[in-house]
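Undergrad: Here it is: the structure, laid out below.
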Amino acid sequence: MLIGSDLGHHDPAPAGFRHDAFVYTDEDDFVRQAGAYARDGLATGETVVAVLPEERNSLLRKALEGIADQVIFLDMTQLGRNPARIIPLWRTLLEQAPDIPLRGLGEPAYPGRSSAELEEAALHELLLDVAFDEVPGRFHLRCPYSAALPLDPDDVHLAATGDARDSAEAAFRSPLPAVPARAERQEFGRGDLNVVRQRVNAAARAFGLPEERVEDLELALHEICTNTVRFGGGSGTLSWWPADGHLICDVADSGRIDNLLVGRVLPPAEGLGGRGVWLANQLCDLVQVRSGSAGTQVRLHTRVR
């Protein structure tokens, strides 16, 4: 079942971004729909890239026997574990061959994701239409959805209706779930960043994070707390707690972020702000950013490995 686009023909699409989805009920259904989509792209000379969990990459390779070597296969569970890394991945692929149409299969919302990861995958889907609204070439992205997921792809594939930006804005402006009462808390300002670092480092080691993950979290959290001091009113609240094998750190302040794509597009070296969230996205397993009238929240998830 196709969602978000009219596929009643196979004529070459005009330049721009085309974003739709299909729902699959089992492996055979996935192979039938994904295989036909990939073959159509190869037949028209497009670059075909599959960014899927490895088990579905394997299914698609087998279905494309004889032509699978013409498709680029990437593992979504590695490159897109944090959904905020996926838009930069597609940007890189577009930049590598700007004159060749790109046809992508991307499964950001795959079975096995946590509820927080699925929430970010849904936001990512909406932000795709913001990020590639004015793409100069031809980019067609189709997103497979398992029928077993508690998500309706209709809700996040809205390019045809023109509502994607408004929906992305609404999601980005909505607060994250409340910090649990059991969380540790630390109010901080400019002079407290060392105290913040020491307390979270101690909590991370007590939770069992290996040393390299402690260092990653320390750097990411320093960047986010520094952003609060510089751009978020000068002070904020850090909360942290363990949940489902992760140490979660939440930074809240009174500032407001206007850029919906913060952390998903690398800012220029001479730019002011934005690099801290970008860096946190590279260092943490999941980063959630929300910003609205009540202020800004940045929530970092670091998994014990």
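As numbered in my numbering, the sequence shown has no gaps in its residue numbers, which increase by one up to the final residue, 321. Yeah, the Cβ is synthetic: ideal placement off N, Cα and C, and Gly gets one too.
#1: Determine the contact status of HIS35 and HIS173, defining contact as a CB-CB distance below 8 Å.
#2: By Cβ distance, which residues of its chain are closer than 6 Å to ARG181, with the 5 residues on each side in sequence left out?
#3: Which one of THR318, ALA236, ALA296 and ALA113 has the shortest CA to CA distance from ILE88?
#4: Can you give me the start and stop residues for the alpha helix (DSSP H) that ASP269 sits inside?
#5: Count the CB pairs spanning the segment 154-162 and the segment 271-284 that are closer than 8 Å, and state whether there are at least three.
#6: Helix, strand or coil for PRO284? Go by DSSP, reduced to three states.
#7: So, under 8 Å CB-CB, LEU276 and PHE188 are touching, yes? Tell me the CB distance rounded to an integer number of Å.
#8: Take ALA84 as the anchor and find which of ILE102, MET92 and ALA59 has the nearest alpha-carbon.
#9: In or out: GLU123 buried (at least 16 other Cβ within 10 Å) or exposed?
#10: Just reading off the alpha helix (DSSP H) that HIS238 is part of, what are its end residues?
#11: Below 8 Å between beta carbons: does that hold for ALA268 and GLY292?
#12: Which class does GLU185 belong to by DSSP, given the choice of helix, strand or coil?
#13: Using a threshold of 8 Å, state whether the C-beta atoms of LEU144 and ILE116 are closer than that.
#14: Assuming GLY271 and GLY311 make a contact with CB atoms under 8 Å, what is their CB distance in whole Å?
#15: What does a CB cutoff of less than 8 Å around ASP301 pick up in its chain, not counting 5 residues either side in sequence?
#16: If you compare alpha carbons, which of ASP232, LEU76 and LEU192 is closest to ALA52?
TA: Looking at the coordinates:
#1: Their beta carbons are under 8 Å apart, which means HIS35 touches HIS173 by this criterion.
#2: VAL146
#3: It is ALA113 whose Cα lies nearest to the Cα of ILE88.
#4: That residue, ASP269, is in no alpha helix (DSSP H); its beta strand (DSSP E) goes 262-269.
#5: no
#6: coil
#7: 5 Å
#8: ALA59
#9: By the C-beta density criterion, GLU123 is buried, having at least 16 other C-beta atoms within 10 angstroms.
#10: 227-247
#11: no
#12: helix
#13: no
#14: 6 Å
#15: ARG97, ASN98, HIS262, HIS317, THR318 and ARG319
#16: LEU76
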